[in-house]
Amino acid sequence: MSSDRLVLILIFTAVLGAAVLGFAPEAHSQEAATPEDVVEKMLRLAGVEKHDVVCDLGSGDGRIVIAAARRYGCQAVGYEIDAKLVQLSREKVEKAKLQDLVTIHQADFFTRDFSSASVVTMFLPPAVIERLMPKLAKLAPGTRIVSHYQAIEGVRPDKQIGVRSASDGRLHPLYLWITPLGPTDTSP
Ligand SMILES: C[S@@+](CC[C@H](N)C(=O)[O-])C[C@H]1O[C@@H](n2cnc3c(N)ncnc32)[C@H](O)[C@@H]1O
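For the working numbering, count along the sequence shown from 1 and bump the result up by 8.
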């Protein structure tokens, strides 16, 4: 079989699979938030414990850092560039009385050092993840990286699951990598 035909078959299978399984490509916008039940699964996939420092890159309304601190009693740090979301998330942190555990920085995460995190979570577009690669590659060995929806291009995850959310009925792909990140995957 020619490689062109193989590529076409793979694309067709992926599109059909996404349609059948209910993947939610439109959920992958900057405004989107991870459903709360998927957040729980992300934290479980990372194996978060009390001694961890969870860092959410692009923390939105703060739901991941708040869930991490509330459920596991760990430190959690969010970086969010959008001032309104920063304000909203800080209000939520205060309401949950989690100020001792959760810090929200209004900042561009590209400009910050988040290397003290033992767990990094993200729900970001592929181009942003690609730009983050130099920082992700430098994380301490054993750091768990969990991405909602988007894989790291070319880097095979240590684990990959699909979570169907009760809130939207869709299947949400989750990926886990444990650093050091493996070599670029060039296999078909
Ligand atoms: C798809 S939302 C995910 C929000 C949250 N992490 C979640 O899973 O529900 C992505 C967030 O990343 C933020 N963001 C994108 N680029 C950023 C950057 N360079 N620095 C900080 N925040 C950023 C956006 O403002 C947006 O709130």
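Just so it is clear, CB atoms sit at the ideal spot from N, CA and C, and this is done for glycine as well. What you are looking at is a predicted structure, and each value in this text was computed from that prediction instead of being measured.
Endpoints, the beta strand (DSSP E) within which residue i is located
| i | result |
| --- | --- |
| Glu88 | 83 to 88 |
| Leu140 | Run containing Leu140: none in the beta strand (DSSP E); it sits in the alpha helix (DSSP H), 134 to 145. |
| Gln107 | Where Gln107 is concerned, there is no enclosing beta strand (DSSP E), given that its DSSP letter is neither H nor E. |
Alpha-carbon to alpha-carbon, residue j and residue i
| i | j | result |
| --- | --- | --- |
| Asp45 | Leu147 | 27 Å |
| Pro191 | Glu138 | 15 Å |
| His59 | Val163 | 27 Å |
| Leu182 | Pro165 | 10 Å |
| Gly66 | Ser126 | 17 Å |
| Ala115 | Gly170 | 30 Å |
| Phe117 | Cys63 | 10 Å |
| Ile186 | Ile153 | 6 Å |
| Pro134 | Ser175 | 25 Å |
| Leu184 | Ser155 | 7 Å |
Coil, strand or helix - residue i by DSSP
| i | result |
| --- | --- |
| Gln158 | coil |
| Val73 | helix |
| Val56 | coil |
| Thr119 | helix |
| Arg178 | coil |
| Arg164 | coil |
| Leu29 | Caution applies to Leu29, whose pLDDT of 44 falls short of 50 and renders its modelled position unreliable; the value that the coordinates give is listed next. Reduced to three states, the DSSP call for Leu29 is helix. |
| Tyr80 | helix |
Which residues DSSP lists as bridging residue i, in chain order
| i | result |
| --- | --- |
| Asp64 | Gly86, Thr129 |
| Leu96 | According to DSSP, Leu96 bridges with nothing at all. |
| Arg152 | Val127, Ile186 |
| Val171 | His180 |
Selection from the options that minimises the alpha carbon distance to residue i
| i | options | result |
| --- | --- | --- |
| Val85 | Arg98, Ala91, Lys92 | Arg98 |
| Thr42 | Asp121, Gln83, Leu179, Val56 | Leu179 |
| Ser124 | Leu106, Thr151, Gly170 | Thr151 |
| Ile207 | Val154, Val136, Gln114, Lys103 | Look at the range of the chain in this structure, 9 to 196, and you will see that residue 207 is not part of it. |
| Arg71 | Lys92, Leu96, Phe117, Val56 | Leu96 |
| Thr111 | Ala77, Pro188, Thr119, Leu53 | Ala77 |
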